[in-house]
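The sequence shown begins at 54 in the numbering used here and counts up one residue at a time.
Built from N, CA and C at the ideal position, the CB exists for glycine as well.
In this text, all values refer to a predicted model and were calculated from it rather than measured experimentally.
Just below is one structure, and these are the notes that go with it.
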Amino acid sequence: MKVTVVGTGYVGLVSGACLAEMGNDVVCLDVDAAKIAMLQGGGIPIHEPGLDQVVARNVAAGRLSFTTDVAHAVAHGMLQFIAVGTPPDEDGSADLQYVLAAARNIGRHMDGYKVVVDKSTVPVGTADQVRGAIAAALAERGAAIDFAVVSNPEFLKEGAAVDDFMRPDRIVVGADDERAIRVMRDLYAPFQRNHDKLVVMDVRSAELTKYAANAMLATRISFMNELALLAERVGADIEQVRLGIGSDPRIGFGFLYAGCGYGGSCFPKDVKALIHTADEAGRGLQVLRAVESANEAQKRVLIDKIVRRFGEDLSGRCFALWGLAFKPNTDDMREAPSRVVVDELLARGASVRAYDPIALHEARRVFGERARLSFADSARAALQGADALVIVTEWKEFRSPDFAHIRSTLRQPVVFDGRNMFAPATVESFGIEYHAIGRLGARH
């Protein structure tokens, strides 16, 4: 099938590459000429494991190409995927200017039937706006061309997006046009040969499903984080609680790990957007407001622990920091807890020497030149001259560290673990003062 993907960001590039991998003829469009030039030259603008090989393989096979030519891109695909950014406005709502601009461009240039697919995460009712924008552009041309608008939200995890797309748990399609539904079934048939994973529903339900899924996952995280803080007060161990409740099949183990808060490009933005949608509809979501509030507070938990240990004035102190990305296997630092930790440490006069296996380049862009902030090229190098170690991201390479080396290198053998990576007794057995979140046997 001939497919056009508008937008070569995280969702668009992964979607385009994986659709090409299944034999489709895919053109990816972006207005960012520098990004297209990078892709045409064999570069990848985002870090996503395995994506570079999929892109290279399909470019070489002639199934995947990149362009800034809007007319060419619209002419190419009967399927037009809109996968552009929907950044939050000041009021928390999703900014749809790029989605609607893409829709207008499709309307200006289309010359035959198109299935326009909203792949971006968008509020309920966006498909109606997209349909209206295309219809208005066609009317300006005096053209009467049939088209359908479909909602097909993505459920990709950063760090595992290629595998998620190639082996989906479910494929949600919101549509009221039988021809469009048949086209979508044909497109996704190769991805569900084992059993049918396509869930067809009305458009607005599909739009709400994406927000509801991310809001539910964010709720589980914030709930466990609040329980972890309670566990510290009452002398319980949140890890044992996790095992106890996760073994209930009605609950399961996913997203039950306590830590220093969630971040990234999805959960914070989507929670805000769903809160805004509910407020606009006159039906506020009290639970979700609490989820957001709890998460913002959780990002400061490590700072609170550091201040209790070392005092408010951290002048002259140096902290090694392991992990800058909001989660492992990505370089994404949007809304990352590390940003709060670094800012608060620097504001209190401390120095920070940070290391991340992937996100150092992004960290330099995010933080810029900051006094007393430096970056190390290894986890060990970050420890040199530091008073304590702060762990913010649970990268695999941090899971089995040399505790004896940590103890001998730090000026004071103190570790603040924002991801509960270790058994407290193990760390303490090396003579290290271990501060975790809700763990029995750790310092609080």
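So, are the CB atoms of residue 444 and residue 469 less than 8 Å apart?
-> For residue 444 and residue 469, yes; Cβs fall inside 8 Å.
Would you check if the distance between the CB atom of residue 464 and the CB atom of residue 440 is smaller than 8 Å?
-> Yes. Within cutoff.
Between the stretch 188-198 and the stretch 219-237, do three or more beta carbon pairs fall short of 8 Å?
-> These segments do not touch.
Tell me the start and end of each unbroken alpha helix (DSSP H) in the stretch 396-430 that is at least 4 residues and wholly inside, in chain order.
-> Those alpha helix (DSSP H) runs which fall completely within the stretch 396-430 and span 4+ residues are 413-420.
Per DSSP, what kind of secondary structure is residue 102 in: helix, strand or coil?
-> Residue 102: coil per DSSP, three-state reduction.
Leaving out the 5 sequence neighbours to the left and right, which residues in its chain are closer than 7 Å to residue 344 when beta-carbon positions are compared?
-> Apart from sequence neighbours up to five positions away, the residues of its chain that approach residue 344 with a beta-carbon distance below 7 Å are 271, 272, 275, 324, ordered along the chain.
Please name the residue or residues paired with residue 226 in a DSSP beta bridge.
-> Beta-bridge pairing by DSSP links residue 226 to 253.
Min CB distance residue 92 to chain B below 8 Å | Absent from the structure: chain B. Only one protein chain is present.
Who pairs with residue 496 in a beta bridge, going by DSSP?
-> In DSSP, residue 496 forms a bridge with 488.
Unbroken alpha helix (DSSP H) run spanning residue 191, endpoints | That run of the alpha helix (DSSP H) goes 179-194.
Between the stretch 328-341 and the stretch 305-316, are three or more C-beta pairs nearer than 8 Å?
-> Segments in contact, no.
Are residue 104 and residue 70 touching if we call contact CB-CB under 8 Å?
-> In this structure, residue 70 lies closer than 8 Å to residue 104 by Cβ.
Cβ distance (whole Å) where residue 176 is taken to contact residue 156 below 8 Å = That pair is no contact at about 15 Å.
Output the boundary residues of the alpha helix (DSSP H) element that contains residue 92.
-> 86-93 is the span of the alpha helix (DSSP H), which, as asked, contains residue 92.
DSSP three-state call for residue 71: helix, strand or coil?
-> DSSP places residue 71 in helix when its eight states are reduced to three.
Just to confirm, are residue 306 and residue 297 a CB contact at a threshold of 8 Å?
-> With contacts defined as CB atoms closer than 8 Å, residue 306 and residue 297 fail to qualify as a contacting pair.
In the DSSP assignment, find the alpha helix (DSSP H) that holds residue 325 and state where it starts and stops.
-> Where residue 325 is concerned, the enclosing alpha helix (DSSP H) stretches over 320-333.
Looking only at C-alpha atoms, which of 210, 151, 169, 202 sits nearest to residue 379?
-> It is 210.
To which residues of the same chain is residue 180 closer than 8 Å at the C-beta, ignoring the five residues directly before and after it?
-> Excluding sequence neighbours, residue 180 sits near 171, 202, 203, 204, 227, 256, 257, 260.
The stretch 405-415 / the stretch 424-439 touching (three or more Cβ pairs under 8 Å) = A contact between stretches requires three or more CB pairs, one per stretch, nearer than 8 Å, and the stretch 405-415 meets this requirement with the stretch 424-439.
C-beta contact flag for residue 456 and residue 480 at 8 Å = Residue 456 places its beta carbon less than 8 Å from that of residue 480.
Measure the C-alpha to C-alpha separation of residue 425 and residue 384 and round it to an integer number of angstroms.
-> Those two C-alpha atoms are separated by around 22 Å.
State the beta-bridge partners of residue 55 as determined by DSSP.
-> 78.
Range of the contiguous alpha helix (DSSP H) that encloses residue 377 = Residue 377 -> no alpha helix (DSSP H), and no H or E assigned at all.
Please go through the same chain and pick out, in chain order, the residues whose beta-carbon is closer than 6 Å to the beta-carbon of residue 223, but skip the five residues on each side of it.
-> 250, 252, listed in sequence order.
Through-space distance from residue 167 to residue 290, alpha-carbon basis = Residue 290 and residue 167: Cα-Cα distance of roughly 55 Å.
Straight-line CA distance for residue 492 to residue 386?
-> Answer to the nearest angstrom: the Cα atoms are 27 Å apart.
In chain order, each beta strand (DSSP E) run of at least 3 residues that lies wholly inside the stretch 97-153 = DSSP runs (the beta strand (DSSP E)) wholly in the stretch 97-153: 117-120, 132-135.
Use the C-beta contact count for residue 199: other C-beta atoms within 10 angstroms, 16 or more gives buried, fewer gives exposed.
-> With fewer than 16 other beta carbons inside 10 angstroms of its own, residue 199 counts as exposed.
Cβ-based burial, residue 392 [other Cβ within 10 Å; buried from 16] | Burial state of residue 392 is buried, judged by a 10 Å Cβ sphere holding 16 or more other Cβ atoms.
So, using beta-carbon positions, are residue 390 and residue 447 closer together than 8 Å?
-> Contact flag unset, no.
Candidates 123, 130, 76, 454, of which the one nearest residue 86 by Cα = Per the Cα distances, 123.
Contacting residues, own chain, Cβ-Cβ under 8 Å from residue 474 (five flanking each side not counted) | Beyond the five residues adjoining it in sequence on each side, residue 474 comes within less than 8 Å, by CB distance, of 444, 447, 451, 452 in the same chain, given in chain order.
Would you list the residues sitting across from residue 468 in a DSSP beta bridge?
-> Its beta-bridge partners are 442, 487.
Range of the contiguous beta strand (DSSP E) that encloses residue 167 | Residue 167: member of the beta strand (DSSP E) spanning 167-171, first to last residue.
Can you check whether the CB of residue 145 is closer than 8 Å to the CB of residue 326?
-> In this structure, residue 145 lies closer than 8 Å to residue 326 by Cβ.
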